[in-house]
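Chemist:
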Amino acid sequence: MGSRIIAQAKKNLRDYKIIERLVAGMALTGNEIKSLRSHQVSIGEAYVVSQQNELYVVNMHIATYSHASELAKIDTRRKRKLLLKRREINKIIGRMKAKNYVLIPLQLFITNRGWAKLEIALAQHLRKYQIKEEVREKEIKRKLHQEEYY
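Here the sequence shown stands for residues 0 to 149, numbered as in numbering that gives the first Met the number 0.
This is how it looks when you write it as structure tokens:
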């Protein structure tokens with residue numbers, strides 16, 4: 000991608016079956032961008048919701064910028080709007096309603112031009128037994144791959 004990865008939600012890759020990946024911009028304040036560039040962000044507990052035909056990322060923690068004035072400090076877990084084209088938003092919301100999919104954040108990165116982007120995925124939640132089966136399959140593949148070399 001030619002960008003710097005700031006944060007990843009690796010647990011989401013394990014707990015969900017990824018159907019489609021998208022990259023969206025975010026509406027952030029100046030102090031949030033400065034905190035983001037200093038890697039003071041967490042997307043592990045974040046999720047995406049649709050409200051009034053818009054997409055928002057909720058519960059993403061961006062720490063307050065250390066050099067910001069007291070007036071500029073805002074809620075660290077506020078709702079942040081995702082910037083996508085109207086056609087993409089309508090398509091995503093339609094698929095979410097039709098097949099009971101969810102939108103989850105996968106990684107947060109900064110492009111070469113300096114824009115903060117969030118990679119989101121249309122996904123289906125896996126049951127615990129499905130997660131365990133996938134882990135077992137990965138272990139078997141890894142053991143077979145190791146035996147080939149020895």
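Glycine is no exception: its CB is placed at the ideal position from the N, C-alpha and C atoms.
Is Val22 closer than 7 Å to Glu147 when the C-beta atoms are compared?
Modeler: no
Chemist: Indicate whether Pro104 and Ala26 have their beta-carbon atoms separated by less than 7 Å.
Modeler: no
Chemist: Got a sec? Which residues, its chain only, sit under 7 Å from Ala122 by beta carbon, not counting five neighbours each side?
Modeler: Tyr15, Lys16, Ile17, Ile18, Tyr100, Val101, Ile103
Chemist: Using 8 Å as the Cβ pair cut-off and three pairs as the minimum, do the segment 25-41 and the segment 128-147 touch?
Modeler: no
Chemist: Using the Cα positions of Arg86 and Arg77, report the straight-line distance between them to the nearest angstrom.
Modeler: 26 Å
Chemist: Taking Met25 as part of the beta strand (DSSP E), name the residues at either end of that continuous run.
Modeler: Met25 -> beta strand (DSSP E) spans 15-25.
Chemist: Specify, as a first and last residue, the run of the alpha helix (DSSP H) that Ala97 falls within.
Modeler: 85-98
Chemist: Report the option in Ala67, Ile42, Leu82, Ile92 whose CA atom is closest to the CA atom of Ile61.
Modeler: Ile42
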